[in-house]
Amino acid sequence: MTTIQKTELLRYDFTLGLSAMEGRGFYYPTDTVIGDNGRLYVVNRSLESVDRGVRVTMCDLDSEYYGTFGSYGEGDGQFVWLTSGAKDSEGRIFLTDEYLHRITTFDADGNFLRVWGTHGSSEGELDGPCGITLDADDNIYVSDTYNNRVQKFTSDGVFLAEIGKGVLSMPWGVNVAPCGDVYVADWGNDRIARFTGDGEFAAAYGEPGRGEGQLVKPASVAVDADGNVYVADWGNERVQAFDDDGNFVQLLRGEATLSKWAINFLSINREEGEARTRADLERDIDFFDAADPHEVSSHIEKFFWAPMSVALDGEGRLFVTESNRHRVQVYRII
Amino acid sequence: MVVDTKRDLKLLAHLMRRAGFGATRAELETLAEQGYDAVLDGLLETQNPQWMGDYMVRRFHHEQSGMMGPRASGENWLYRMVTTNAPLQEKMCLFWHSIFATGYPKVIHGKVLWNQIRMFRKHGLGNFKSLLVELSRDPAMIVWLDNYDNHKGAINENYGRELLELFSLGVGHYSEDDIQEASRAFTGWTIGNTEYMVLRSERDSDWPYGRISWHFDYRPEDHDDGEKTFLGQTGNFNGEDIVDIICQQEATAQFIARHMYHFFVADEPPVPAWPYTPPRDEEAIRTLVGTYFDSGYDIRAMLRTLFTSNFFKNEGIRYDKVKSPAELVAGVLRLTGEFDRPRREIMDRALQMNFMGQMLNNPPSVEGWHQGAEWVDTGTLVERVNFASEQFGDVSKSGVKAMIDGVMADEYAISPARLVDACLDQIGVIEVSDETRDALERFAAQTGEERTRGKVANMLRLAAATQEFQRS
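First to last, the sequence lines map onto chains A and B.
In this text, residue positions in the first sequence follow our numbering: the first is 1, and each later residue adds one.
In this text, residue positions in the second sequence follow our numbering: the first is 1001, and each later residue adds one.
Below, the structure is given as structure tokens:
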């Protein structure tokens, strides 16, 4: 089983990426920011125990590689727990660090611009900032994990409003829909919470579970111009699509194929490439716990494993960033 | 039956140190209301164990989800030890890990090592025969001891040898022919996609898309189904038959019983000396062996016998065992309450365990770690004392605050003697020798009878350095 659908909305297109701690490739990527002019910014959390690999990888849909920016540390332009990203109308990249409780901005070429954020629970303070997005006016929305809220700031980081207090539990991804409503991956409540642009709670989609339309610890949400909602159903290791009313539309388990970088690696490392062609990577397995999707995904390489982000470009593509597989699966909206 | 005497608290503290990672004074008081037998039932039969949880840990520690490298599986396990309400389950994982020691340097795959510990969690308190079959099917073990290279007509004896020598019978209870026959029985027991997976392991390759978990694969065409003679029995044995015969042996029962006594009761000499050194308490071993056979090889039944026995409750064996680094670190962290949420500091705490001589999922050899006094040398002793003292000295931690509050709440804990009593109580109802007590009281007296939070914190730090706290 790879796909369940009532109506086919998404179709697999191709895969980007390669596990790489430095340079061209991704290492525990958590998010993909769709930049201007087709540029992609893949946000790499990397390992916690080494000071390598924490970076943003710049590439494009054709797997052209444009370099990296950011590094491990606590200085300007550095990160400890690099988490999510977003861009504003001028192409600037905003990145969250849920360990240092701050937001860092770079220009489109990866030059450091500024960093802000204060640890705490008062208005404007942050305790584990993770998901981030901007609206059409370049206001910033940040999921404030341990304060159980989303906060809205001006593009300069001035506090504007608090959303979802008393409703949200450890929110992760946040997105502003084309209609102006704010969608939040309400991680602790196993649902998507929808708020009006004024911050009023409007609806909740999904319920805890592993069935169609049910969610376990969703990490990210994106909404297209028709109001269709795409969810990184992280705890179920899958992606689901809902319509504007929250009705289940489609379920994806993952269909990754070899990326250009992967093909290149395997063609150079021929012994490994040839052994791979003789292996059956989709065989039936007597799983330790077949009901545990994390366990299943650890064995079946093409399946999503730790899908942490869903992001839409303006061309009808959905980008699914998978942390544990160090890649991005790209789907077409049809 | 409700127990409420200090003596009962001390016995419960002993149980929680040995069957778990210790307990706070407040936890012990709650447990005392249940009584010893009920507490033991809870330890042995914990349903639906609770801990910080996979989702919480994986959300923030991404390598503890993907587990490609050598450290994350141990860090994840440490989280379990520190936050679980089923400490005996984790203790049994440590027990089996110390016997069926499997390590990263050859396996090069953190997830499959974590999977092996998960298997111990599921089967470690169950039937020993089932556990040995699962061990023989375990992909990390199959690579660790080369059984993927054990073929019909071309046996590799590595797993067959260690199964008999280190995992069940012990030296002196089998022949070289038995090893060969056992190895023949395990031909065809391998992992799926052997060539690709072993090649990736040998190359430490996480390309193109990270590690792929391994799974057991039985290949009948590669299995030697001819007649075999093993430990005096003859038949067309497969691996399960070999395990069955192993479990029937008195030597296996004695081997497991002695390991259990060594781990939970009192230190025995290192395993290689066992053929030449009688058990410290032969009657205790006989008792455990009896339960092994009476219960049909049931580990939980053996543990129940052990923890209800006089040889376990005997005051003479308290503080007789040196805590392993994992026991010491987990015990301290449970007291300090540092990990109320996922924190990056878990890596540093696990690293300090390594400096004390124990890196989980990375034992020094297939023999595992030598327990007991061998944990302590000049260097590791400094690490152990500094670690415990440093953790107790951080008064910002909720558990440290609670311990200080507990001492301060005792209005009589002003004289040096009472202050020492109160501090030893707070770190887990610890009893100390007269010599240790004198040293603690001298320190308490140096700063007069004025009692401040800072003074109490320093007393706790000093108490953590005592040999009694470093032991269990």
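Backbone N, C-alpha and C fix where the C-beta goes; we use that ideal spot for every residue, glycine too.
Fair warning: this is a prediction, and the values are worked out from it, not measured in the lab.
> Just reading off the beta strand (DSSP E) that residue 136/A is part of, what are its end residues?
Replying inline: Where residue 136/A is concerned, there is no enclosing beta strand (DSSP E), given that its DSSP letter is neither H nor E.
>> residue 1095/B and residue 1297/B - do their beta-carbons sit closer together than 8 angstroms?
In response: no
> Do you know how far the Cα of residue 1371/B is from the Cα of residue 1460/B?
Replying inline: Going from the Cα of residue 1460/B to the Cα of residue 1371/B covers about 27 angstroms.
> Using Cβ-Cβ distances below 8 angstroms, what residues of the region 285–314 of chain A are close to chain B?
Replying inline: Cβ contacts with chain B: 285, 286, 287, 288, 294, 295, 298, 299, 301, 305, 306.
>> Need the endpoints of the alpha helix (DSSP H) that residue 170/A sits in, please.
In response: According to the DSSP assignment, residue 170/A belongs to no alpha helix (DSSP H), since it is labelled neither H nor E.
>> Using a Cβ-Cβ distance cut-off of 8 angstroms, determine whether residue 162/A contacts chain B.
In response: no
> When the Cα of residue 83/A is compared with those of 91/A, 222/A, 144/A, which residue comes out closest?
Replying inline: 144/A
> Distance, Cα to Cα, residue 1393/B vs residue 1203/B?
Replying inline: 44 angstroms
>> Using DSSP's beta-bridge definition, name the partner residues of residue 116/A.
In response: 103/A
>> Spatial neighbours of residue 1406/B within its chain, please: C-beta separation below 8 angstroms, excluding the five flanking residues on both sides.
In response: 1025, 1026, 1422, 1425, 1426
> Which word fits residue 326/A, buried or exposed, when buried means at least 16 other C-beta atoms lie within 10 angstroms of its C-beta?
Replying inline: buried
>> Does any residue of chain A have a CB that is nearer than 8 angstroms to the CB of residue 1148/B?
In response: no
>> Quick check on residue 1104/B - is its C-beta less than 8 angstroms from some C-beta in chain A?
In response: no
> Should residue 1293/B go down as buried or exposed, given a rule of 16 or more other Cβ atoms within 10 Å for buried?
Replying inline: exposed
> Helix or strand or just coil, what does DSSP make of residue 1163/B?
Replying inline: helix
> Does the region 1046–1063 of chain B come within contact of the region 1080–1090 of chain B, defined as at least 3 CB pairs closer than 8 angstroms?
Replying inline: yes
>> Just to confirm the assignment, what range does the alpha helix (DSSP H) spanning residue 293/A have?
In response: 293–299
> Do residue 1361/B and residue 1066/B have their CB atoms nearer than 8 angstroms?
Replying inline: Taking 8 angstroms as the Cβ cut-off, residue 1361/B and residue 1066/B do not qualify as a contacting pair.
> Where does residue 147/A fall in DSSP's three states?
Replying inline: helix
> Are the C-beta atoms of residue 169/A and some chain B residue less than 8 angstroms apart?
Replying inline: no
> Would you call residue 1247/B buried or exposed, if buried means 16 or more other Cβ atoms sit within 10 Å of its Cβ?
Replying inline: buried
>> Going by the DSSP bridge assignment, what does residue 1486/B pair with across the sheet?
In response: Nothing about residue 1486/B can be read from this structure; chain B reaches only from 1001 to 1472.
> Among residues of its own chain, excluding the 5 on either side of residue 1467/B, which ones have a beta-carbon nearer than 6 angstroms to its beta-carbon?
Replying inline: If we look at residue 1467/B and ignore the five residues flanking it on each side, it has no Cβ neighbours.
> Enumerated in chain order, which unbroken segments of the beta strand (DSSP E) with a length of 3 residues or greater are wholly contained in the region 151–227 of chain A?
Replying inline: 159–163, 174–176, 182–186, 191–195, 201–205, 220–223
> By Cβ distance below 6 angstroms, which residues in the same chain neighbour residue 124/A in space, the five residues on each side in sequence not counted?
Replying inline: 159
> Are there three or more Cβ pairs, one per stretch, closer than 8 angstroms when the region 1163–1178 of chain B is compared with the region 1211–1220 of chain B?
Replying inline: no
>> Determine whether the beta carbon atoms of residue 1209/B and residue 278/A lie at a separation below 8 angstroms.
In response: No, they are not a contact pair.
> So, using beta-carbon positions, are residue 334/A and residue 11/A closer together than 8 angstroms?
Replying inline: Cβ atoms of residue 334/A and residue 11/A: closer than 8 angstroms.
> With distances taken from CA atoms, which of 63/A, 109/A, 79/A is nearest residue 50/A?
Replying inline: For the residues 63/A, 109/A, 79/A, the minimum Cα distance to residue 50/A belongs to 79/A.
> Does any residue of chain B bring its CB to less than 8 angstroms from the CB of residue 38/A?
Replying inline: no
>> I'd like to know whether the C-beta atoms of residue 178/A and residue 241/A end up nearer to each other than 8 angstroms.
In response: no
>> So, under 8 angstroms CB-CB, residue 213/A and residue 173/A are touching, yes? Tell me the CB distance rounded to an integer number of Å.
In response: Actually they do not touch by this definition, with Cβ atoms about 18 angstroms apart.
> Taking only beta-carbon atoms, is residue 326/A less than 8 angstroms away from chain B?
Replying inline: yes
> With 16 as the cutoff for other CB atoms within 10 Å, does residue 1001/B come out buried or exposed?
Replying inline: The pLDDT assigned to residue 1001/B is 41, lower than 50, so where the model puts this residue is not dependable; a value taken from the coordinates is nonetheless given after this. Flag for residue 1001/B reads exposed.
> Starting from residue 322/A and walking both ways along the alpha helix (DSSP H), at which residues does that stretch end?
Replying inline: Note, residue 322/A: premise wrong, no alpha helix (DSSP H); beta strand (DSSP E) at 317–322.
>> Just checking: is the beta-carbon of residue 77/A within a distance shorter than 8 angstroms of some beta-carbon in chain B?
In response: no
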